[in-house]
Structures are given as structure tokens and as C-alpha cells.
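J.: My numbering numbers the first residue of the sequence shown as -6 and each following residue consecutively. The beta-carbon is built from N, C-alpha and C at its ideal position, and this holds for glycine as well. A single structure is presented below for examination.
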Amino acid sequence: MENIIFEQLSEKHRTDIIDIFNYYVEHEFSAYPEEKLDYCYYEKFLSISKDFPAYAICLNQKVVGFCYLNAYNPLQVFKETATVTYFLHKDYRALGIGKQALDKLEKEAKNLGIRNLLANISSINDASLAFHLKNGFIKCGEFVSIITKQGRTFDIIWMQKRI
């Protein structure tokens, strides 16, 4: 999709980003909290992505998603491994924006010396599992029945891509 702009996450994106995330909190199983997050939670997104690429995804001056990398583990021995996160506004899924976000994060990860990308995905999020498989990730682990949300227990799948 053309006209996509990646803006460095900043204070001006707080409301849009939390609103996008809270949709998934309330309606799907890809965001793990059980209740909507307060807007102050945005500080957590900024904190965990500090020193890594972190973007609001904009189309025609509207925030339609966000993406970022964060350290898998803060120990220096894990410096070549990062976790990827991306969420798109529900009306902007399946348009190629997620692929653009992943490509951008991959390119920047390589520039930072990162060689492994990890994603943790709800086992009942078929669309995300398929997206990651299609884009070169492989399943590398599974935590069985470790989360219960809205009365439903499911697994967390870890996927990895060597870049």
C-alpha cells in the first residue's frame, strides 16, 4: 500500500496507539490484557522499545497501526535477538501494511546487528500465525495453556526468523 509513513513513536501518538491496542484487548486474543489499558500505559510501549525502532504507521495523516522492536532479553549476550510487535487498526488489516512494517523492522534490525526476530503469538490467532509463516518465521516453541482470557485458555506460540 502506497502512502504509508512510519513516524517515530512520540507523545502525539498516545491516544491512537492505545485505542488500536485496546480494540484487540476487548475483541480478540492477540493482545493479552483482559481489560482495556489506560492511556498512561503508552509509557510502557515507549520504555520497552527505547533504543530500538518504534513507529506509528500512518496513512493519509491517520494512525492506522504501530510497530516496534524490543530486546528479547536485556543481557548483552542476547544482543542479536529482538522481539517484534505490530498491531493494525481493525479496518486496515490484510492490505499489506503488516508486511511493510515487518520489512521495515527487519531492515533496521539488520542495521543494528540483530540476527534473530522473535514473535509471541496466541495459539488461536490463526491470521498472525499464517502471516509469520508466510514471511519466513518458523515455530520454535510453545507454552501450553498458560493464559486464560475471557474464560478461554490457550497457548502462546513462539516463532523465530533468522535475518
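Can you tell me the Cβ-Cβ gap for Asn113 and Ile149, rounded? I've got them flagged as a contact below 8 angstroms.
T.: The Cβ separation is near 5 angstroms, so the contact holds.
J.: Give the secondary structure of Glu135 by DSSP, where H, G and I count as helix, E and B as strand, and everything else as coil.
T.: In this structure, Glu135 counts as strand in the three-state DSSP scheme.
J.: Taking the beta carbon of Thr8 as the centre, do at least 16 other beta carbons fall within 10 Å, making it buried, or is it exposed?
T.: The residue is exposed, with fewer than 16 neighbouring Cβ atoms inside 10 Å.
J.: I'd like to check one pair, Glu101 with Pro46: are the Cβ atoms closer than 8 angstroms?
T.: Yes, they are a contact pair.
J.: Tell me the DSSP secondary structure of Phe166 in three-state form.
T.: Nothing can be reported for residue 166: it is not among the residues displayed for the chain, which extend from -6 to 156.
J.: Round the Cβ separation of Ile10 and Val56 to the nearest angstrom and send it over; I've been treating them as touching at under 8 angstroms.
T.: Contact holds; Cβ gap of about 7 angstroms.
J.: Output the boundary residues of the beta strand (DSSP E) element that contains Ile149.
T.: From DSSP, the beta strand (DSSP E) with Ile149 extends over 145 to 155.
J.: Does any C-beta atom of chain C lie closer than 8 angstroms to the C-beta of Val137?
T.: No chain C is part of this structure, which consists of one protein chain only.
J.: Have a look at Phe147, Cys60, Pro26 and flag the residue whose alpha-carbon is nearest the alpha-carbon of Ser42.
T.: The shortest C-alpha separation from Ser42 is found at Cys60.
J.: Using 8 angstroms as the Cβ pair cut-off and three pairs as the minimum, do the segment 106 to 120 and the segment 33 to 41 touch?
T.: Verdict: no, contact absent.
J.: Since Ser186 and Ser121 are thought to touch, with beta carbons under 8 angstroms apart, how far apart are those beta carbons, to the nearest angstrom?
T.: Because residue 186 is not part of the residues shown, which for the chain are -6 to 156, the question remains open.
J.: Could you check if Glu99 is buried or exposed, using at least 16 other CB atoms within 10 Å of its CB as the buried criterion?
T.: With 16 or more Cβ atoms within 10 Å of its Cβ, Glu99 is classed as buried.
J.: Nearest CA to the CA of Phe80: which residue from Cys33, Asn128, Glu21, Ile156?
T.: Of the listed residues, the one whose Cα sits closest to Phe80 is Glu21.
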